[in-house]
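Worksheet for the structure shown next.
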Amino acid sequence: MRVRIESSRVIKPLHEGIPPTTNHIPLSVFDKVTFDAHMAIIYAYHPPNPPNATLETGLRKALSVYREWAGRLSKDNDGEPIILLNDAGVRFVEASMDIELDQVMPLKPSAFCLSLHPSIQGNIQELVQVQITRFTCGSIVVGFTADHTVADGQATSNFLVAWGQACRGLEIHPLPLHDRGIFKPRDPPCIEFEHRGVEFKNPKLEQFHPLLDEDVDGVAVDQFHFSLGFLAKLKAKASSRNGNDKSYSTFESLVAHLWKAVTKARGLSAYQTTSVRISVNGRMRMDPRIPNEYFGNLVLWALPTAKVKDLLREPVPYGAKLIHDTVAKVNDNYFRSFIDFASHKVKEENLVPVVDMGQSVIECPNLDVSSWLRFPFYDLDLGGGSPYVFMPSYYPLEGTILLLPSFIGDGSIDAVIALFEDHLAAFKQICYELE
């Protein structure tokens, strides 16, 4: 099975009237601390589907509203990173396969997925890339890649919804909030929390894994479905110690379950420390609240931590409470403290971001969890209805977990998990066990 590339070109925004005159936007402290890499996602659509010309025109119209995507990363005269709003354009690829889409279904994260979107390796100039792959049955797969430095999952999903609106001839609504200068440090600064080792690190301190076997196999990726019934039982168990207090969320309960199951599958030493890095969207945490339409990055991380022996000995409410309490602390005070720290201490101490997809990622004994559960990715209607498949591409990055709503649409959750092969095999044996 081979994907045939029909054409690959750069397309530019389609402005109505006089183009805007703003020529660049400085990156915010949140942009600078996030993943410096392209992220790729994949959609699949049943026929009928609009022609490529309609998808291209809709994309060009959406880019006229979200000009950052059509720009280029650069630096200003002071060496500070910026987005040039030069309308240089995005990559648009047309492709095909001489088979029906059903012949490669169900799509799961694998190396085959890499052929369904433009490459995200190497020095990519374009900040967005789109590939439309057509199948003989009339189905299409849309592969979309975007530079995470420009926008987080919330902002990217808003742009995709806007692309669908433009393809359907609708007005783009709501409009994005472009002002990245709203995150001002306080005078004097008030750094209330420790940000070294959480968001930033000293590049001279090497990361090593002394308790990791040297002969472990390669990394494998698989997708696990957690039904609504399973999640309800899990949530009830996780909240069983709360009495009349509010129950833990489905997210907190599931992450606690996965953390414990992965830790057991890894066979870690009882006195080893394990943590789970959880992405926290600041739009709902900061005061005053930042609108969901804010376009850029606005994510920090919670880092609940436990001894392996405690995590495995205690029932799932133990992990759920750790997660709940730690995430709750990533509040407005924490975000303001981060802004002050990033604005005053990073250059002074020559620190770099902790997250780095440019290196070979090994999280063991820890985990990195991202949630796409609240993002409107399934709302990308290009003119033929909602997608029936939405998924990340293939990321064999050990210790990463991505949670996304199942295509079934009943509230169930799919978890894409990357672990060493031996650990993943052990995880499969226990991941659906309830205490």
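Numbering that gives the first Met the number 0 applies: residue 0 is where the sequence shown begins, and numbers increase by one.
Idealized CB from N, CA, C, for every residue including glycine.
What number of angstroms, rounded off, separates the C-alpha of Val329 from the C-alpha of His194? 12 Å
Short of 6 Å in beta carbon distance, which residues of its chain neighbour Ile429, apart from the five on each side in sequence? Order them along the chain. Ala260
Under a three-way DSSP split, which group does Val449 fall into? Residue coverage of the chain in this structure runs from 0 to 434, which leaves residue 449 outside it and unanswerable.
Contiguous alpha helix (DSSP H) assignments of at least 4 residues, all confined to the stretch 27-61: 28-32
In the DSSP assignment, what are the bridge partners of Trp300? Ser278
Helix, strand or coil: how does DSSP classify Thr262 here? helix
Taking 7 Å as the cut-off, is the CB of Gly318 close to at least one heavy atom of the ligand MN? In the structure on display, the ligand MN does not appear, and there are no ligands present to speak of.
Alpha helix (DSSP H) containing Pro316: first to last residue? 315-327
Pull up the CB-CB distance for Ser252 and Lys234, whole angstroms please, since I reckon it's below 8 Å. 4 Å
Taking Pro117 as the reference, which of Leu13, Asn349, Glu198, Ala39 has the closest Cα? Ala39
Just tell me which of Val32, Glu5, Gly152, Val64 has its CA closest to the CA of Ile17. Val64
Within the continuous alpha helix (DSSP H) that includes Asp331, where are the two ends? 331-343
Is it right to say Asn291 is buried, meaning 16 or more other beta carbons lie within 10 angstroms of its own, or is it exposed? buried
Of all the options Ile41, Lys60, Val345, Gly70, which has the alpha carbon lying nearest to the alpha carbon of Asn22? Gly70
Rounding to the nearest angstrom, what Cα-Cα distance links Ile277 and Trp300 in this structure? 5 Å
Which two residues bound the contiguous alpha helix (DSSP H) that contains Ile429? 420-429
Please determine if the stretch 367-378 and the stretch 139-158 are in contact, where contact requires at least 3 C-beta pairs separated by less than 8 Å. yes
By alpha-carbon positions, which one of Gly78, Thr53, Glu79, Asn85 ends up nearest to Glu67? Asn85
Here's the rule I'm using: 16 or more other beta-carbon atoms within 10 Å means buried, otherwise exposed. How should Leu267 be labelled? buried
Restricting to Cα atoms, I'd like to know which of Arg265, Tyr247, Gly281 is closest to Phe182. Gly281
Between Ser278 and chain B, is there a C-beta pair that is closer than 8 Å? Absence of chain B from the displayed structure is noted, only one protein chain being present.
Rounded separation between Pro46 and Met285 - CA only: 42 Å
Given 8 Å as the limit, is there contact between the stretch 92-112 and the stretch 133-143, that is, 3 or more CB pairs closer than that? yes
Let's see if you can read the secondary structure: which residues bound the alpha helix (DSSP H) around Leu100? Where Leu100 is concerned, there is no enclosing alpha helix (DSSP H), given that its DSSP letter is neither H nor E.
Return the residue from the list Ala319, Glu313, Leu321, Pro352 that minimises the CA-CA distance to Gly196. Pro352
Distance CB(Val28)-CB(Ile289) smaller than 8 Å: no
How long is the line joining the alpha carbons of Ser7 and Val89, rounded to whole angstroms? 10 Å
Could you give the distance in angstroms between the alpha-carbon of Trp258 and the alpha-carbon of Met283? 25 Å
Enclosing alpha helix (DSSP H) for Leu311 [first to last residue]: 307-312
Residues near Leu210 by beta carbon distance below 8 Å, same chain, minus five either side: Note on Leu210: pLDDT 43, under 50, position unreliable in the model; no value is reported.
Which of helix, strand or coil does DSSP assign to Arg240? coil
For Ser405 and Ile412, the rounded distance between their alpha carbons: 5 Å
At a cut of 8 Å, does the stretch 386-403 reach the stretch 163-182 through at least three beta carbon pairs? no
Considering only residues of the same chain and omitting the five flanking positions on each side of Leu13, which have a CB-CB separation below 6 Å? Arg59, Lys60, Ser63
Using a Cβ-Cβ cutoff of less than 7 Å, which residues in the same chain neighbour Gln130 once the five nearest sequence positions on both sides are dropped? Val92, Ala94, Leu115, His116, Pro117, Gly142
Check whether Cys437 and Thr53 have beta carbons under 8 Å apart: Not covered by the structure: residue 437. The range shown for the chain is 0 to 434.
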